[in-house]
Amino acid sequence: MDTILKKSFSSTYNHALYDKLTDEELIEEFRKGNLEAEEHLVYRYMCISKKIVSSFYLVGAEKDDLLQEALLGLYKAIKEYNPDKNCSFKSYACVCIKRHVITVIRSSTRQKHNPLNNYISFNMLTYEDKEVYLLEKITNDTIEDPENIVVLKERESLITYTVNKYLSEFEKKVLSCYFSGLTYTESSDVLNTDVKSIDNALQRIKKKMKNELTTECFY
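All residue numbers for the sequence shown refer to the numbering used here, where the first residue is 1 and numbers rise by one.
Laid out in structure tokens, this is it:
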């Protein structure tokens, strides 16, 4: 297992001493020089990192490779988090982890001249948190079919076109928050609105995407 992962699981400190501290308090302790506080944050966010990584696929990479990248994103969040920005560490960390993993995948995609090492995931959530899939993972079999590659690239272009043409600026911001992993409450805080407005916006987005995208895109 990689060095970063080994470091994350090698702690001999007393977890109970840190369990009662909030993320923000652990950040404060770390910035005072307490490295155990940082280690506990990594321990606390290991499951979240694994969950985020489980949504991605990179040809030729093991899950541990992507998990390592996720942890690098987490370390970045720990070092750069600013509590004065009125955003919880959890929200910020999830954004940093996802962005770093996506950046790594995109970089690998460009280097290998293969635009479909990654997959398109376009999920919408109802207010009750039941998933409604608009686009789902592209499987290895699909990626290996040259004809499907053309079709999938056309779908990707159609999605981008639809978002830019049919979504309002507010809806684009809500969609951005959603893909950044923010909850309804966190999105409402970021956009200075109420939770119901976030839910209504996502329902409008879902309806617009269904109306404009071809039916073959949906499962």
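Cβ coordinates follow ideal geometry from the N, Cα and C atoms, glycine included.
- Beyond the five residues adjoining it in sequence on each side, VAL195 comes within less than 7 Å, by CB distance, of TYR184, THR185 and SER188 in the same chain, given in chain order.
- Here DSSP, grouped into helix, strand and coil, assigns LEU191 to coil.
- The beta carbon of SER176 sits closer than 6 Å to none of the beta carbons in its chain outside the five residues before and after it.
- Counting along the chain, the unbroken alpha helix (DSSP H) around HIS40 starts and ends at 35–44.
- Contact between GLU69 and VAL104 holds, since their C-beta atoms are separated by about 5 Å, short of 8 Å.
- Here LEU17 is exposed. Its C-beta has fewer than 16 other C-beta atoms within 10 Å.
- Boundaries cannot be given for LEU21, as no alpha helix (DSSP H) includes it and DSSP labels it neither H nor E.
- Counting other Cβ atoms within 10 Å of its Cβ, SER107 stays below 16 and is therefore classed as exposed.
- In the DSSP assignment, LEU66 falls within the unbroken alpha helix (DSSP H) covering 63–80.
- Rounded to whole angstroms, ASN86 and GLU25 show a C-alpha spacing of 15 Å.
- Annotation for VAL101: ILE52, VAL53, PHE56, LEU66, GLU69, ALA70 and GLY73 place their beta carbon closer than 8 Å to its own, counting only its chain and skipping 5 residues before and after.
- Annotation: ASP84 to ASP23 spans about 14 Å, alpha carbon to alpha carbon.
- At a Cβ-Cβ threshold of 8 Å, SER168 and ILE97 do not count as neighbours.
- Between GLU171 and ILE205, the beta carbon gap of about 5 Å places them in contact (Cβ cut-off 8 Å).
- Between the C-alpha atoms of ASN34 and ILE159 there is a straight-line separation of about 46 Å.
- Around the beta carbon of LYS165, a 10 Å sphere encloses fewer than 16 other beta carbons of the protein chains shown; the residue is thus reported as exposed.
- The residue among ARG99, ASN200 and PHE89 with its C-alpha nearest the C-alpha of VAL42 is PHE89.
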